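Just remember that the numbering used here sits 1 ahead of the position in the sequence shown, which is counted from 1.
Heads up, the beta-carbon is just placed ideally off N, CA and C, and yes, glycines get one too.
Just so you know, these numbers come straight off a predicted model, no measurement behind them.
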Amino acid sequence: MTQNGNNTPSYGTQDKLSASEPNDAIDLDDVLPKIGEFGLYQKLLLWLVCLPACLPCGFCAFNQLFMTDVPDHWCRVPELELLNLTQQQRKDLSIPRKDNMTFEKCLRYSVNWTSYISKIDEADANWTTEPCLDGYEYDTSEVISSVVIDFDLVCEYDVYPTLGLVALNVGGPVGVYTFGLLNDRIGRKKSFFICLSTLLLGSLMTAYAHEYWFWVVARIIVGLTIPAVYQIPFIISLELAGPNYRSFVTVMTCVFYTLGLILLSLVTYLLRDWRLLALATSVPFFFYYLYWFVLPESPRWLLMREKLEEANNVLQTIAKVNGKELPEEFTIKLQKQVIEQKEKGITEAKSVSVFALCRTPNMRLKTCLITLNWCASEMVYVGLSYYGPAIGDNQYMSFFLSSAVEIPSYLVCWVLMDRIGRRWPLCLSMVISGIFCIVTVLLPNDAQMETLILYLISKCFISASFLIIYPYAGELYPTELRGVGIGTSAYIGGLGLIIIPFINYLGSSNLVLPLVVMGAVSVVGGLTALRLPETLHTSLPQTAEEGEEFGKNWTYADCMNCGDQKQAVDADSYENLDQLELTPASLVDDELPDIPDIRRNSMRKLVRQSSIVETQRDIDGNMKMTYWF
2 MTQNGNNTPS YGTQDKLSAS EPNDAIDLDD VLPKIGEFGL YQKLLLWLVC LPACLPCGFC
62 AFNQLFMTDV PDHWCRVPEL ELLNLTQQQR KDLSIPRKDN MTFEKCLRYS VNWTSYISKI
122 DEADANWTTE PCLDGYEYDT SEVISSVVID FDLVCEYDVY PTLGLVALNV GGPVGVYTFG
182 LLNDRIGRKK SFFICLSTLL LGSLMTAYAH EYWFWVVARI IVGLTIPAVY QIPFIISLEL
242 AGPNYRSFVT VMTCVFYTLG LILLSLVTYL LRDWRLLALA TSVPFFFYYL YWFVLPESPR
302 WLLMREKLEE ANNVLQTIAK VNGKELPEEF TIKLQKQVIE QKEKGITEAK SVSVFALCRT
362 PNMRLKTCLI TLNWCASEMV YVGLSYYGPA IGDNQYMSFF LSSAVEIPSY LVCWVLMDRI
422 GRRWPLCLSM VISGIFCIVT VLLPNDAQME TLILYLISKC FISASFLIIY PYAGELYPTE
482 LRGVGIGTSA YIGGLGLIII PFINYLGSSN LVLPLVVMGA VSVVGGLTAL RLPETLHTSL
542 PQTAEEGEEF GKNWTYADCM NCGDQKQAVD ADSYENLDQL ELTPASLVDD ELPDIPDIRR
602 NSMRKLVRQS SIVETQRDID GNMKMTYWF
């Protein structure tokens, strides 16, 4: 069977497949062109099911930023509340001023108000002060309700909202690993609904929490589902789409995730009560249980579990909706493939440990650099997302803008990766993001608009790096180590998120300090990316030995290469991950006639970039969920 340049089997050859090569087992990717790589079924699944499934993750990951709004506050004086005084009068009388300007937030005058109130007309700056012994008063003109107000999380307890974010991020690494295992063992569909149920349980517990520590436990439960709750349907859509469209699915998932954040900024603006906000950003997702009737199980997983009849039914449904027919010979060959893979798995399967990444010097160096870049990119992206509401005069508008700037970065980055490679876009996006963060330290304290502009530019560039790092890492790790490599890098990156809330906590004393810290992390990560070998237009390693040789002869002159020199692919030693992606633009037109006429001209651009995620499978050909984290 021959293949054209985009890894899609030639249609003329496929029609003769059963006659010419009756004994060759085929992959599901050989079936998809026959029943539709991105037909009506896949489009309906993507637009109506999988992309809307991105919303719960963004909603429940970032609604906490607005639950913990900190309003202006000062010490409560019960004796003065019994008098006919306004809130401002009580404040002027009982609260000392800092530098004769702003009021202290955690101190009050130590006066026996019961005995002397009738004799006191105004405060005396020479009075002694004391901590807030009777609680606090809050300015609820803008922040009507928050966790901070309900649980008095100010002054000596002002770090507690930060601990809530830490709790959310602690649950993440545990959850993605747990749901990854469930996804591989019980299937994508069941694990999605278990994940959704866990998310809704944690969200309801959040809304009805009446103790701070109960609220923290609820946030840990919510954190268990992030980002698994949207990765699972994303995996299903990837596995049902043809290789030529997986990059499109990936980019659209990122775009819809960002659209969810934009919608969240509107919801938080309209709902200022934190309990209502917790309910509004979770209860609507109970409708997602209706997906049980339309969300299919992954045929790849069904085949791996030898549930051939169910897999055949899914493929028949796809073919019927797409107006195609599933050839019977494909079903027979798929059945044969499953049997052969099972037999092969029993005799030849071998486990790969994390230590395999560090046994040889070059592979060890690349693993450290990939993990460093992954961790830096993820930490800075999430850190800037968390910090968005603190920048500017209007936290809702700031969060809206910080989310909106991600969309153009995704689209531009998608194009640039095919033209100048992965390494330089990754390096430049992280370095430029870091520089704009660091520059904020040069601005005066009252330059809020200028700080916001620099922040938005930084957020735009770091979003691009966050999109690049995954496929780049997948190409750098050799095939037999790719699963454990990506899993290790992503897991360490998730652990790095635990310290991000503490970095943002520094902003309570200096607004730009967290930006400077995150900027430095981003610059360091971006510069180290130059030491990695370029993968565009190069043959990629398949075995651990080839992984050690790939990039081993790196020199400083290689820093200037942008993947513009195409190298021949050695079929005996290297895996051709992205054949279409490796094809020069001048040759793409020659291959377009092989694309079925049903494909619109507007869709031709989507086949330019084929995703490497199709190679991240186990011995059964199954795309393992755990590889994605």
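So, is Asp571 buried or exposed, given that buried needs 16 or more other C-beta atoms within 10 angstroms?
Position 570 of the sequence shown, counted from the first residue, corresponds to residue 571. Residue confidence is low: Asp571 scores 42 on pLDDT, short of 50, so the model does not pin down where it sits. No coordinate-derived value is stated.
By alpha-carbon positions, which one of Tyr110, Thr251 and Glu38 ends up nearest to Ala242?
Position 241 of the sequence shown, counting from 1, holds the residue named residue 242. In this structure, Glu38 is the residue among Tyr110, Thr251 and Glu38 with its C-alpha nearest to the C-alpha of Ala242.
As assigned by DSSP and simplified to three states, the class of Cys61:
As a first step, residue 61 must be located in the sequence shown, where it is residue number 60. It is helical.
Can you find at least 3 beta carbon pairs, one from the region 362-369 and one from the region 545-556, that sit closer than 8 Å?
Cβ pair count under 8 Å is three or more, so yes.
Counting only the same chain and skipping the five closest in sequence on each side, list residues whose C-beta sits under 6 Å from that of Arg273.
Taking the sequence shown and counting its residues from 1, one reaches residue 273 at position 272. So the list reads Ile145, once near-sequence residues are dropped.
Which of the three DSSP states is assigned to Arg98 in this structure?
For the purposes of this step, residue 98 is taken as the residue at position 97 of the sequence shown. Correct three-state label for Arg98: strand.
Ser459 beta carbon less than 9 Å from that of Ser378:
As a first step, residue 378 is located in the sequence shown; it is residue number 377 there, counting from the start. As a first step, residue 459 is located in the sequence shown; it is residue number 458 there, counting from the start. In this structure, Ser459 does not lie closer than 9 Å to Ser378 by Cβ.
Opening and closing residue of the beta strand (DSSP E) in which Tyr139 lies:
In the sequence shown, the residue the question calls residue 139 occupies position 138. Where Tyr139 is concerned, the enclosing beta strand (DSSP E) stretches over Tyr137 to Tyr139.
Using the C-alpha atoms, what's the distance from Gly224 back to Ala168?
Translated into the one-based positions of the sequence shown, residue 168 becomes position 167. Translated into the one-based positions of the sequence shown, residue 224 becomes position 223. So the two alpha carbons sit approximately 7 Å from each other.
So the candidates are Ile319, Glu80, Asn85 and Thr87; which of them puts its Cα closest to the Cα of Arg109?
Your numbering for residue 109 matches position 108 in the sequence shown. The residue with the shortest Cα to Cα distance from Arg109 is Glu80.
Do three or more CB pairs link the region 52-72 to the region 259-279 at distances below 8 Å?
Three or more beta-carbon pairs drawn from the region 52-72 and the region 259-279 are found closer than 8 Å, and the two stretches are therefore classed as touching.
Counterpart residues of Arg109 in DSSP-defined beta bridges:
The residue labelled residue 109 in the question sits at position 108 within the sequence shown. Answer by DSSP bridge pairing, in chain order: Glu131.
So who's on the other strand from Phe104, going by DSSP bridges?
Translated into positions along the sequence shown, residue 104 becomes position 103. DSSP lists Arg98 as partners of Phe104.
Spatial distance of Ala320 from Leu482 (CA atoms):
Start at 1 with the first residue of the sequence shown, and residue 320 comes out as number 319. Start at 1 with the first residue of the sequence shown, and residue 482 comes out as number 481. Those two C-alpha atoms are separated by around 35 Å.
Same chain, Cβ closer than 7 Å to Pro479, neighbours up to 5 away in sequence not counted
Here residue 479 refers to the residue found at position 478 when the sequence shown is read from its first residue. Excluding sequence neighbours, Pro479 sits near Pro542, Gln543, Thr544, Ala545, Glu547 and Gly548.
Identify whether Leu541 lies in helix, strand or coil by the three-state DSSP scheme.
Counted from its first residue, the sequence shown places residue 541 at position 540. Here Leu541 sits in strand by DSSP.
Can you tell me the Cα-Cα spacing of Leu607 and Val250, whole angstroms?
Within the sequence shown, the letter at position 606 stands for residue 607. Within the sequence shown, the letter at position 249 stands for residue 250. Note that Leu607 has pLDDT 39, beneath the 50 cutoff, so the model's placement of it is unreliable and no number is given.
Rounded to the nearest angstrom, what separates Pro426 and Cys560 at their Cα positions?
Numbered from 1 along the sequence shown, position 425 holds the residue referred to as residue 426. Numbered from 1 along the sequence shown, position 559 holds the residue referred to as residue 560. Using only the alpha carbons, I get a separation of about 12 Å.
Run through DSSP, which three-state label would Trp555 get?
Along the sequence shown, one-based indexing puts residue 555 at 554. For Trp555, the secondary structure class from DSSP, reduced to helix, strand or coil, is coil.
Proximity winner among Asp159, Thr489, Asn64 and Cys133, relative to Cys359 (alpha-carbon distances):
As a first step, residue 359 must be located in the sequence shown, where it is residue number 358. Cys359 has its Cα closest to that of Thr489, out of Asp159, Thr489, Asn64 and Cys133.
Cβ separation of Ile263 and Ala405, assumed to be a contact under 8 Å, to the nearest whole Å:
Translated into positions along the sequence shown, residue 263 becomes position 262. Translated into positions along the sequence shown, residue 405 becomes position 404. Going by Cβ atoms, the distance from Ile263 to Ala405 rounds to 6 Å, so yes, they are a contact pair.
C-alpha gap between Gly552 and Gly422, whole angstroms:
Start at 1 with the first residue of the sequence shown, and residue 552 comes out as number 551. Start at 1 with the first residue of the sequence shown, and residue 422 comes out as number 421. Approximately 15 Å, taken between the alpha carbons.
Measuring alpha carbon to alpha carbon, tell me which residue in Thr199, Tyr397 and Asn184 is nearest Ile237.
As a working mapping, residue 237 is identified with position 236 in the sequence shown. Here the closest residue by C-alpha is Asn184.
Same chain, Cβ closer than 6 Å to Glu576, five either side skipped, listed in chain order:
Taking the sequence shown and counting its residues from 1, one reaches residue 576 at position 575. Low confidence applies here, because Glu576 scores a pLDDT of 41, under 50, leaving its location unreliable; read the following figure in that light. Taken in chain order, the residues that qualify are Thr480, Leu541 and Gln543.
For Thr115, tell me which candidate among Met102, Phe104, Ser95 and Pro328 has the shortest Cα-Cα distance.
What you label residue 115 is simply residue 114 of the sequence shown in a count that begins at 1. Ranked by how close their Cα comes to the Cα of Thr115, the residues Met102, Phe104, Ser95 and Pro328 have Ser95 in first place.
To the nearest angstrom, how far is the alpha carbon of Cys461 from that of Leu516?
The residue labelled residue 461 in the question sits at position 460 within the sequence shown. The residue labelled residue 516 in the question sits at position 515 within the sequence shown. Per the coordinates, the alpha-carbon of Cys461 lies some 14 Å from the alpha-carbon of Leu516.
Give me, in chain order, the residues of the same chain whose beta-carbon lies closer than 6 Å to that of Pro132; leave out the 5 immediate sequence neighbours on both sides.
In the sequence shown, counting from the first residue as 1, residue 132 sits at position 131. Correct list: empty, nothing qualifies.
Residue of Arg532, Leu453, Ile408 and Asn395 minimising C-alpha distance to Leu385:
The count along the sequence shown starts at 1 and reaches residue 385 at position 384. Minimum Cα-Cα distance from Leu385 among the listed residues Arg532, Leu453, Ile408 and Asn395 corresponds to Leu453.
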